[in-house]
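Below: one structure, written as structure tokens.
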Amino acid sequence: MPILEARLVTKKFGGLAAVSDISFDLGEGEILGLIGPNGSGKTTLVNVICGALPRTAGNVRFKGGELMGLPTHEISRLGVSRTFQVVKPFRNLTVLENVMVGALFGKTGGARDLGTARREAEAVLEFVALAHRARAQADGLNVPERKRMELARALAMRPTVLFLDEVMAGLNSAEIDAAVALIKKIRGRGVSLIVIEHVMKAIRSLSDRIMVLFHGEKLTEGPPDDVLNNPEVVAAYLGRRYAERARA
Amino acid sequence: MNGARWLPIAACLLALAVLAMAPAVVSPFMTQFLINLFMLAVLAESWNIVGGFTGYASFGNVAFFGVGAYTTGILLTKSGWPLALALPAAGALAMLFAALVGMPILRLKGHYFAIATLGVAETMREVVYNLEITGAGTGLVMPIARTPLLFFYVMLAILVAATLTNWWLSRSRFGYGLVAIREDEDAAAAMGIHTARYKTLAFALSGAFAGLAGGVFAYWITFIDPDGVFKVTMTIQMIIMAVFGGAGTIFGPLLGALVLASVSELLSTQLVTLAEVFNGLVVILVVLFMPKGLSDVIRRRSFRLRDVARNFREYRI
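Heads up: the sequence lines are chains A and E, in that order.
Here the first sequence is numbered in our numbering, starting from 1 and rising by one per residue.
Here the second sequence is numbered in our numbering, starting from 249 and rising by one per residue.
And the structure:
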């Protein structure tokens, strides 16, 4: 049984359908790549599933239980976590304290006292290779470090399902390779992931399956090589004329 | 256990012991000044819970002070309750009032929240003006207390409780939740924090302490009227003290209360208007030169132009 099942999820802003009738399954321990041009509705879909935005229609079941209609904090307590595309650090706290908040809250059954939370946070920072910055104020981190901290906070929440919204944007090639390895390691811990990414090299090597959104609709879904070579996907990303030339 | 860890605790206990013995040594005038100082410090610590830790700039905390003052006032004069019962009732009612008011208005943010809280305080003043049980515009006159030292020790006890509460916030799961809300409410919710509940609890806690302070104030000052206990400037004072000393810290508000109450006491014996000007000047200077408050400057033992310049850049002054 899939761990997460989305059925006909729709989100309209006034008359504009940002996401329409999206259905997909996420298997246990699976990495599902989510791609699509800017404005295709990827982040909106995450916002709706995680409760940050109310849905217009549709259902999302997590371990068989309905998520839609639950407030954000309850969804994260069930074990569904996310990172933000535009990172939202707690600026005046240290990196360690940022991650401690994840350990103190997050999925039900976490640390109740600061000592336990601190130890858990230190372990997570070790895992994402950010332990050397633990005492630094979040404000002073550079872009790759910020992305890592965002990831560390989400991991400290002990998620069952984790949405990663462009955690590789702004990273250089070496950093991307490190991030890919890290995400594989996270999956190795039994976390199921939905990864939104524009970096094709990364998404190809990470994903078990890829789903493509275009203008808020699901264009296609399948194994990475099939999807990325699909002329319609190429057209969506690079324009129809490029796709025709590529085929010729 | 090392010595460095116990040093601050020992220092606090010593300071407390010295304070507790003060009335025996100092003049009655000084004792009155200390009671007033304790009250201001309680109010600053109370504001700090919601303004400093949670990051919601409340401009209406005097409403809780007023609710506490009138609760005690009515119970003492109309129902003949002793202070030992009337005071807890004042704290409890102010707490309940804060929770009920907080639930709707804590959905607002920034300026809107500030304006709403200001409205709550002003509305309460008008309500009290028009009620019979509160003595309307003429106010309430308390029975005379035979033990003036009682106020000193009760106010000191409330201050200790308020300070300990702030200390607890700085090292508890609940406090971390509040700070997370202050730093980024969306991220806090996404991390599993029930933001609405946390904010309401913080508001209620803040209200309880302001209510207790108001309760003691009413009996101590022996006369209360709507303009006296629902003064907007009193909220402003709380904010200035907390921000001047260091919002979101444990001892910042204490420090702010001590410095500002002392200076304004000294100034007001010379020229009343000068005290007001001083308050205004403090706000401007603190915002410009030490946005994290006096306690931050002391803690880092440095006040460099580089920090001021950085502050100018960050806040685009």
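We put the CB at the ideal spot given by N, CA and C, even for glycine.
query	result
In angstroms with no decimal places, state the Cα-to-Cα distance between Ile31 of chain A and Ala138 of chain A.	29 Å
Near Arg187 of chain A, what residues of its chain come up, given a Cβ to Cβ distance below 7 Å and the 5 sequence neighbours on each side ignored?	Gly29, Ile31, Leu193
Name, please, each residue of chain E whose Cβ falls closer than 9 Å to the Cβ of Asn38 of chain A.	Those do not exist, as Asn38 of chain A stays about 21 Å from chain E at its closest Cβ, beyond 9 Å.
Consult DSSP for Glu370 of chain E and reduce its assignment to one of helix, strand or coil.	helix
Does the beta-carbon distance from Gly316 of chain E to Gly339 of chain E come in below 9 Å?	yes
Using a Cβ-Cβ cutoff of less than 6 Å, which residues in the same chain neighbour Val60 of chain A once the five nearest sequence positions on both sides are dropped?	Ala6, Ile49, Leu67, Met68
Indicate whether the contact test is met: 3 or more Cβ pairs, each with one atom in the stretch 117-133 of chain A and one in the stretch 100-108 of chain A, closer than 8 Å.	yes
Is the distance from the Cβ of Leu34 of chain A to the Cβ of Val9 of chain A below 9 Å?	no
With 7 Å as the limit, tell me which residues of the stretch 170-184 of chain A have their beta carbon closer than that to any beta carbon of chain E; keep them in chain order.	none
Buried or exposed for His132 of chain A, please, with buried defined as at least 16 other CB atoms from any protein chain shown within 10 angstroms of its CB.	exposed
Which residues of chain A have a Cβ atom closer than 9 Å to the Cβ of Met351 of chain E, listed in chain order?	Correct list: empty, because the minimum Cβ distance to chain A is about 15 Å.
Using a Cβ-Cβ distance under 9 Å, would Val199 of chain A count as near chain E?	no
For Pro54 of chain A and Phe313 of chain E, what's the separation of their Cα atoms in angstroms?	39 Å
Once DSSP output is grouped into helix, strand and coil, what is the label at Ser81 of chain A?	strand
Going by Cα to Cα distance, which pick from E:Thr517, E:Phe499, E:Ile546, E:Phe492 is closest to Leu533 of chain E?	E:Phe492
Give the secondary structure of Ser173 of chain A by DSSP, where H, G and I count as helix, E and B as strand, and everything else as coil.	helix
Could you spell out the range, first to last residue, of the beta strand (DSSP E) harbouring Gly33 of chain A?	31-35
Grouping DSSP H, G and I as helix and E and B as strand, with all else coil, what is Glu23 of chain A?	Note on residue identity: the sequence assigns Ser, not Glu, to residue 23 of chain A. In the structure shown, Ser23 of chain A sits in a strand (DSSP, three-state: E or B).
Throw me the rounded Cβ distance for the Tyr318 of chain E and Val376 of chain E pair, which I believe falls under 8 Å.	6 Å
Please check if any C-beta of chain E sits within less than 9 Å of the C-beta of Arg91 of chain A.	yes
Could you tell me the alpha carbon to alpha carbon distance between Phe286 of chain E and Phe465 of chain E, rounded to whole angstroms?	11 Å
Count the other CB atoms within 10 Å of the CB of Lys185 of chain A; is the residue buried (16 or more) or exposed (fewer)?	exposed
Go ahead and pull the three-state DSSP assignment for Met278 of chain E.	helix
Glu293 of chain E touches chain A at which residues, Cβ-Cβ below 9 Å?	None at all; the shortest Cβ gap to chain A is about 20 Å.
In the stretch 101-135 of chain A, which residues sit with their C-beta less than 9 Å from some C-beta in chain E, listed in chain order?	Val101, Gly102, Leu104, Phe105, Gly106, Lys107, Thr108, Gly110, Ala111, Arg112, Asp113, Leu114, Ala117
Based on Cα-Cα distance, which residue from E:His359, E:Ile488, E:Pro330, E:Glu380 lies nearest to Phe526 of chain E?	E:Ile488
From the DSSP output, in three-state form, read off Lys107 of chain A for me.	coil
Relative to the C-alpha of Leu388 of chain E, which candidate in E:Asp475, E:Ala452, E:Ala435 has its C-alpha closest?	E:Asp475
When the cut-off is 9 Å and only beta carbons count, does Gly299 of chain E lie next to chain A?	no
Tell me the rounded alpha-carbon separation between Cys260 of chain E and Trp254 of chain E.	10 Å
With a threshold of 9 Å between beta-carbons, can Glu166 of chain A be considered close to chain E, or not?	no
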